Amino acid sequence: MKNILITGSLGQLGSEIALELRRRYGEEHVVLSDVRDDVNCALINGGPFYKVDCRDAAAVAEIVRTHRIDTIYHLAALLSATAERKPLAAWDLNVGSLISTLEIAREYGCAVFTPSSIGAFGPATPKVFTPQDTIQRPTSIYGISKVTGELLCDYYYHKYDVDTRGVRFPGIISNMTPPGGGTTDYAVEIYYEAVDHQRYTCPLRGDTYLDMIYMPDAVSAAIDLMEADPSCLRHRNAFNLASMSFSPEELAAYIRAVIPGFTIDYQVDPVRQAIADSWPDCMEDYAARVEWGWKPRYDVAEMTEDMIRTIRGRRE
Ligand code: AKB
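Residue numbers (our numbering): 15 to 330.
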């Protein structure tokens, strides 16, 4: 039986990975930690939880020792738009906490999952069918921290044999815990506004294409990669994950198919637009498909129906 620690476990991705891992491995075997404890009581009370700053290496090491942790999902991070406002804080959390997690993993023999992002690419990267191995050179501090993370994880694997694995996530769309401070957050907010007000003001231009993924597929990707046969993995820390790619204009059309009166207008945020313009339109994910069997289940139409049905259900 595995013993798993999740950092950033109350965030958008962490809260849903936590639920699925607890379902698979049992509550006592999945230890959660987060810097806050004022949200999601069900998770906090549903098994071991520690309010801890993941940059506090001594505190994290103590949890790893106490619970005989063998696998860490290190999910704590500042997202791209917030990072651009607070570059030093982003570097400190995104890189500082990762390197201290890797050190703990080296000492205690843990495997580590670390999410990278489409943000790890930059304006010089091929924008369409972005290859797995290509020029990166991101221009946002978030992207710089993500490339650094990919390289650090490779380094710990090659130098110390730490079992590091990771994917480049697209924007994640979900309906349980809201994201915060991301460039792709519009694709979550739009559904809530569509259900509640039948209109949405989008901070990105209508023709901005970005890769996106629905949460159930994001959760499966992380867990499937951690459970994959290591001898099949050649890339390990930065698998491109493609699932769906659309622009705000196109997403609005999908929403209109379910909510006919829905309208969208645009008030472009220059910071988020510049970040989005530096990212790929759509990635190619052959390596993930071949090396560990990645295959998304949801397309944009199915996701849209599910998002709207779920949000409406909560409003009743
Ligand atoms: C963001 O927009 O910052 C994140 C990401 C794509 O990494 N959702």
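The beta carbon of each residue, even a glycine, is placed where N, CA and C say it ideally should be.
Since the structure is predicted, the reported quantities are computational estimates derived from the model, not experimental observations.
By the Cβ neighbour-count rule, Ser-159 is buried, with 16 or more other Cβ atoms within 10 Å of its own.
A residue is called buried once 16 or more other Cβ atoms fall within 10 Å of its Cβ, and Asp-243, having fewer, is exposed. Within the same chain, Ser-94, Ser-154 and Thr-197 come within 6 Å of Ile-289 by CB-CB distance, once the 5 residues on both sides are set aside. In this structure, the C-beta of Tyr-214 stays at least 7 Å away from each heavy atom of the ligand AKB. No Cβ-Cβ contact shorter than 8 Å links Ser-259 with Val-181. If only complete runs of 4 or more residues are kept, the stretch 38-102 shows the alpha helix (DSSP H) at 55-59, 71-80 and 94-99, in order along the chain.
Scanning Ser-29, Val-176 and Leu-255 for the CA closest to the CA of Ile-118 turns up Val-176. Two segments are said to touch when three or more pairs of C-beta atoms, one from each, lie closer than 8 Å; by this definition the stretch 261-278 touches the stretch 213-220.
Only residues of its own chain outside the window of five on either side were considered, and among them Ala-71 have a CB closer than 6 Å to the CB of Ser-114, listed in chain order.
In summary, Met-297 is buried, with 16 or more beta-carbon neighbours lying within 10 Å of its beta-carbon over all protein chains present.
Within the stretch 272-318, the complete beta strand (DSSP E) segments at least 3 residues long are 277-280, listed from N- to C-terminus. Taking a contact as a CB-CB distance under 8 Å, the pair Pro-140 and Thr-128 does not count as one, their CB atoms being some 24 Å apart. The beta carbon of Asp-221 is closer than 6 Å to those of Ser-261 in its chain, skipping five residues each way along the sequence. CA-CA distance, Asp-279 to Gln-212, rounds to 12 Å. In the three-state reduction of the DSSP assignment, Ala-242 falls in the coil class, being assigned neither a helical nor a strand state. Contact between the stretch 184-193 and the stretch 18-37 is present: 3 or more CB-CB pairs across the two stretches fall below 8 Å.
Shown here, Arg-179 sits in a strand according to DSSP, grouped into three states. For Thr-162, the enclosing alpha helix (DSSP H) has its first and last residue at 155-174. Within the same chain, and ignoring the five residues on either side of Arg-50 in sequence, the residues whose Cβ sits closer than 8 Å to its Cβ are Leu-24 and Lys-65.
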